[in-house]
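Student: Anchor point for the sequence shown: position 216 equals 216 in UniProt numbering, and the numbering is continuous, going up by one each time.
Don't be surprised by glycine CBs; every beta carbon is placed ideally from N, CA and C.
Can you keep this structure in mind? I'll have questions shortly.
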Amino acid sequence: MQFLYTLLLTVVFSAGLFAQAPAAFKFQAVARDDGNNPLVSQNIGVRVSLLRGSDSGSLEYSERHELVTTALGVFDLQVGGGDVLSGDMSGIDWGGDSYYLKVDIDPGGGTNYVNMGATQLLSVPYALYAANAEGGSDDQQLTLSGTDLSIEDGNSVDLSTLQDGVDDADADPTNEIQQLSLNGNTLSLTDGGDVDLSPYLNTALWTEGSNNEISYAGGGVGIRVSDPEDGMGLHLGDDVFLQSNLGAFIIGYPDNGNRWRLATQKSGEDLLFRSKPEGQNSYNSRFNFTQDGKLVVNGTSATGRLTIFQEGQSLGTGLVFDDGTANEVWHVTHGFGLRFHYGNSLRATISANNGAYIQGSDRKLKRDIADLGAVTDRLMRLRPTTYLYKNVENATSTIGFVAQEVQPVFPELVHYMEADDTYGLNYAGFGVIAVKAIQEQQETIDAQTKQIEDLEARLARLEAMLGK
1 MQFLYTLLLT VVFSAGLFAQ APAAFKFQAV ARDDGNNPLV SQNIGVRVSL LRGSDSGSLE
61 YSERHELVTT ALGVFDLQVG GGDVLSGDMS GIDWGGDSYY LKVDIDPGGG TNYVNMGATQ
121 LLSVPYALYA ANAEGGSDDQ QLTLSGTDLS IEDGNSVDLS TLQDGVDDAD ADPTNEIQQL
181 SLNGNTLSLT DGGDVDLSPY LNTALWTEGS NNEISYAGGG VGIRVSDPED GMGLHLGDDV
241 FLQSNLGAFI IGYPDNGNRW RLATQKSGED LLFRSKPEGQ NSYNSRFNFT QDGKLVVNGT
301 SATGRLTIFQ EGQSLGTGLV FDDGTANEVW HVTHGFGLRF HYGNSLRATI SANNGAYIQG
361 SDRKLKRDIA DLGAVTDRLM RLRPTTYLYK NVENATSTIG FVAQEVQPVF PELVHYMEAD
421 DTYGLNYAGF GVIAVKAIQE QQETIDAQTK QIEDLEARLA RLEAMLGK
């Protein structure tokens with residue numbers, strides 16, 4: 001799909017005489033789809049490039065931004081404030097050539113960019129003269145000869161009305177110089193007069209406020225804490241507000257190392273945790289907490305109270321349950337059906353086609369395969385029952401067996417859950433028992449049928465003999 005953008009605000013700048021170039025300038029645009037509809041409240045990835053000389057000129061600088069459009073499809077950024085991809089913006093010679101701003105957008109928030117084109121910066125983002133001009137060569141020398149004060153390139157001023165050019169007007173050449181001395185917090189002059197500097201001196205390195213808000217004791221920084229621990233101490237009596245539309249909270253290693261980025265999206269509705277590996281510039285979504293209490297793992301779109309986006313169907317990409325013992329871990333993964341692995345072995349699947357519970361039964365999963373012995377006699381010893389479960393309000397009658405009664409007959413179908421100190425039954429295994437019992441009954445029926453056929457044949461022969 002081709003996406004369009006509409007430029008709303010290109011550059012805002014101001015400069016004073018001999019001012020320095022700003023580190024960034026603002027840019028604002030509207031992202032639209034090919035139907036001219038704005039992309040509303042959508043995560044987008046934006047790559048901004050500065051080209052020299054023409055709209056296809058050499059790349060001087062590029063950076064990436066991860067943004068969320070507003071309800072009108074508007075997004076804004078600061079060119080010079082993104083994650084640097086190449087170049088150094090502070091080294092650009094704005095007065096040496098024309099420059100073009102090229103914008104690429106990925107409407108999915110990644111790096112699959114669509115080229116939006118380039119437009120010339122008709123006004124350089126700051127005053128060229130202020131950024132590049134030197135101090136000039138207007139320095140001139142002042143000369144005092146008697147009472148005439150003259151400037152190097154001409155013109156002079158007669159100072160005879162102010163002093164005679166010989167003395168300093170008070171006839172005392174010894175009283176002009178005095179000595180300053182500091183004793184504690186008191187600054188004194190030789191000939192008298194002193195100033196108390198205690199309001200301005202603080203040997204405890206406190207930045208004073210109504211309650212000594214900030215301290216630097218012991219080499220640490222404390223906010224409402226006079227003795228900070230571990231580099232920084234905070235005692236917060238009120239909330240701390242971070243305005244996330246102006247930036248994000250990033251923690252990690254310097255020099256483009258491993259980092260985590262904490263920010264909001266959808267005008268502050270969702271709290272998004274992203275991370276990036278060392279050496280890369282783009283962040284990947286890891287956790288997203290929505291305002292209505294939903295959690296998304298490895299994505300940004302919540303489709304339920306807990307949404308997990310797998311990176312594949314291999315083990316370790318879904319849920320993992322580990323009890324911290326020598327037991328193998330359980331893996332729950334999505335692969336059209338819902339799969340359950342104990343360690344690396346498939347144990348069961350719930351079919352997405354019809355919801356059937358499918359137990360892993362492949363020959364390669366099994367060992368010590370043997371025929372099941374006779375079951376009919378044992379099956380007749382079982383006692384089918386009806387019962388109610390305890391601690392269940394409005395419980396309804398259930399049919400089944402009591403595990404302790406089944407254990408001496410079919411111990412293979414009884415399981416003891418140590419963590420709960422209770423016994424359970426593998427009811428699915430009774431299907432195999434039933435098949436075996438039917439087979440045994442069929443063998444009996446077949447034998448009886450053969451016997452009946454033999455008896456009928458004998459009877460027929462006897463009747464034939466009597467008939468003669």
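Assuming R64 and G45 are in contact, meaning their beta carbons sit under 8 Å apart, how far apart are those beta carbons, in whole angstroms?
Tutor: To locate residue 64, count along the sequence shown from 1; it is residue 64. To locate residue 45, count along the sequence shown from 1; it is residue 45. About 7 Å; that satisfies the 8 Å criterion.
Student: Would W260 and S244 qualify as a contact pair, given that the criterion is a beta-carbon distance under 7 Å?
Tutor: Here residue 260 refers to the residue found at position 260 when the sequence shown is read from its first residue. Here residue 244 refers to the residue found at position 244 when the sequence shown is read from its first residue. No, the Cβ-Cβ distance between W260 and S244 is not below 7 Å.
Student: With distances taken from CA atoms, which of N394, L319 and T398 is nearest Y387?
Tutor: Your numbering for residue 387 matches position 387 in the sequence shown. It is T398.
Student: What's the call for K364, buried or exposed, on a 16-neighbour Cβ count within 10 Å?
Tutor: The sequence position of residue 364 within the sequence shown is 364, counting from 1. Exposed: under 16 other Cβ atoms inside 10 Å.
Student: Whose CA, out of E278, G312, G279 and D270, lies closest to the CA of P292?
Tutor: Mapped onto the sequence shown, residue 292 falls at position 292. The identity of residue 292 in the sequence shown is Asp, whereas the question assumes Pro. Considering only alpha carbons, the answer is D270.
Student: Taking C-alpha atoms, which residue in K266, G268, F309 and K294 lies nearest to N284?
Tutor: Translated into positions along the sequence shown, residue 284 becomes position 284. The residue from K266, G268, F309 and K294 with its alpha-carbon nearest to that of N284 is F309.
Student: Closest by CA to Q280, which one among D34, S86 and N37?
Tutor: On the sequence shown, residue 280 is found 280 positions in, with the first residue counted as 1. The residue among D34, S86 and N37 with its C-alpha nearest the C-alpha of Q280 is S86.
Student: Check V30 in the structure and name its three-state DSSP category.
Tutor: By one-based count along the sequence shown, residue 30 stands at place 30. DSSP places V30 in strand when its eight states are reduced to three.
Student: Measuring only the C-alpha atoms, how far is L379 from A437?
Tutor: Against the sequence shown, residue 379 aligns to sequence position 379. Against the sequence shown, residue 437 aligns to sequence position 437. Taking the straight line from one Cα to the other gives about 8 Å.
Student: Is the beta carbon of L262 closer than 7 Å to that of F241?
Tutor: For the purposes of this step, residue 241 is taken as residue 241 along the sequence shown, with counting starting at 1. For the purposes of this step, residue 262 is taken as residue 262 along the sequence shown, with counting starting at 1. For the 7 Å CB-CB criterion, F241 and L262 do not form a contact.
Student: Around the Cβ of G222, are there at least 16 other Cβ atoms within 10 angstroms (buried) or fewer (exposed)?
Tutor: Here residue 222 refers to the residue found at position 222 when the sequence shown is read from its first residue. Counting Cβ neighbours within 10 Å, G222 comes out buried, since at least 16 surround it.
Student: Look at the alpha carbon of Y129 and the alpha carbon of Y100, and state the distance between them as a whole number of angstroms.
Tutor: Numbered from its first residue, the sequence shown carries residue 129 at position 129. Numbered from its first residue, the sequence shown carries residue 100 at position 100. Any reading at Y129 must be qualified, since the residue scores a pLDDT of 38, below 50, and its modelled position is unreliable; no value is offered.
Student: Is it the case that the Cβ atoms of H415 and G424 are separated by a distance below 7 Å?
Tutor: Taking the first residue of the sequence shown as 1, we reach residue 415 at position 415. Taking the first residue of the sequence shown as 1, we reach residue 424 at position 424. A contact, by the Cβ cut-off of 7 Å.
Student: Going by DSSP, what residues sit across from R52 in a beta bridge?
Tutor: Here residue 52 is taken as the residue at index 52 of the sequence shown, counted from 1. Note: R52 sits in a beta bridge opposite S58 and Y99.
Student: Among residues of its own chain, excluding the 5 on either side of G337, which ones have a beta-carbon nearer than 6 Å to its beta-carbon?
Tutor: Stepping through the sequence shown from its first residue, residue 337 is reached at position 337. Counting only Cβ-Cβ distances below 6 Å, and skipping sequence neighbours, we find T349, I350, S351 and A352.
Student: So, using beta-carbon positions, are H341 and H331 closer together than 7 Å?
Tutor: Along the sequence shown, read from residue 1 onward, the residue named residue 341 stands at position 341. Along the sequence shown, read from residue 1 onward, the residue named residue 331 stands at position 331. In this structure, H341 places its C-beta atom within 7 Å of the C-beta atom of H331.
Student: How is the beta strand (DSSP E) around L462 delimited, first residue to last?
Tutor: Position 462 of the sequence shown, counted from the start, is the residue given in the question as residue 462. Here L462 belongs to no beta strand (DSSP E); instead the alpha helix (DSSP H) covers G429 to G467.
Student: Would Q28 and D76 qualify as a contact pair, given that the criterion is a beta-carbon distance under 7 Å?
Tutor: Position 28 of the sequence shown, counted from the start, is the residue given in the question as residue 28. Position 76 of the sequence shown, counted from the start, is the residue given in the question as residue 76. Yes, the pair counts as a contact, with Cβ atoms nearer than the cut-off.
Student: Thinking C-beta only, is Q359 closer than 7 Å to V68?
Tutor: Reading the sequence shown from its first residue, position 68 is the one you call residue 68. Reading the sequence shown from its first residue, position 359 is the one you call residue 359. The answer is no: Cβ separation not under 7 Å.
Student: Going by beta carbon distance, what residues of the same chain come within less than 7 Å of L466, once the five residues before and after it are set aside?
Tutor: The count along the sequence shown starts at 1 and reaches residue 466 at position 466. There are no such residues.
Student: Which stretch, first to last residue, makes up the alpha helix (DSSP H) that contains residue 488?
Tutor: Residue 488 lies beyond the range of the chain shown here (1 to 468); nothing can be said about it.
Student: Given a threshold of 16 other Cβ atoms within 10 Å of its Cβ, counted over all protein chains shown, does I151 qualify as buried or as exposed?
Tutor: Position 151 of the sequence shown, counted from the start, is the residue given in the question as residue 151. Exposed: under 16 other Cβ atoms inside 10 Å.
Student: If we ignore side chains and look at the alpha-carbon of each, how far apart do L319 and L39 end up?
Tutor: Stepping through the sequence shown from its first residue, residue 319 is reached at position 319. Stepping through the sequence shown from its first residue, residue 39 is reached at position 39. Cα to Cα, L319 sits roughly 34 Å from L39.
Student: Using only the alpha-carbon positions, how far apart do G108 and E66 sit?
Tutor: Looking up residue 108 in the sequence shown gives position 108. Looking up residue 66 in the sequence shown gives position 66. Their backbone Cα atoms lie some 10 Å apart in a straight line.
Student: Once the 5 residues before and after T190 are set aside, which same chain residues still bring their CB inside 6 Å of it?
Tutor: One-based indexing of the sequence shown puts residue 190 at position 190. Once the five neighbours on either side are set aside, the close Cβ partners of T190 are Q178 and Q179.
Student: With DSSP collapsed to three states, give me the class of H107.
Tutor: As a first step, residue 107 must be located in the sequence shown, where it is residue number 107. What sits at residue 107 in the sequence shown is Pro, not His. P107: coil per DSSP, three-state reduction.
Student: Note down, in chain order, each residue of its chain lying with its Cβ closer than 6 Å to the Cβ of I433, except the 5 sequence neighbours on either side.
Tutor: For the purposes of this step, residue 433 is identified with residue 433 of the sequence shown, where counting begins at 1. The answer, listed in chain order, is V375.
Student: Let me know the secondary structure DSSP gives E412 once reduced to three states.
Tutor: As a working note, residue 412 is residue 412 in the sequence shown. Helix, per DSSP.
Student: Taking C-alpha atoms, which residue in L306, N256 and V329 lies nearest to G316?
Tutor: Here residue 316 refers to the residue found at position 316 of the sequence shown. Per the Cα distances, V329.
Student: Between the Cα of Y253 and the Cα atoms of F273, P277, G268 and D239, which residue gives the shortest distance?
Tutor: Here residue 253 refers to the residue found at position 253 when the sequence shown is read from its first residue. Comparing Cα positions, the closest option is P277.
Student: By alpha-carbon positions, which one of R286, G304 and S58 ends up nearest to E311?
Tutor: Numbered from 1 along the sequence shown, position 311 holds the residue referred to as residue 311. Considering only alpha carbons, the answer is R286.
Student: By the DSSP assignment, the alpha helix (DSSP H) with T376 in it spans what residues?
Tutor: Locating residue 376 in the sequence shown gives position 376, counting from the first residue. Taken as a continuous stretch (DSSP letters only), the alpha helix (DSSP H) holding T376 covers T376 to L379.
Student: Mind checking M116: buried by the 16 CB within 10 Å criterion, or exposed?
Tutor: Translated into positions along the sequence shown, residue 116 becomes position 116. Burial call: buried.
Student: With distances taken Cα to Cα, identify the nearest neighbour of F401 among S156, Y389 and L182.
Tutor: The residue given as residue 401 occupies position 401 in the sequence shown. Taking only the C-alpha atoms, the option nearest F401 is Y389.
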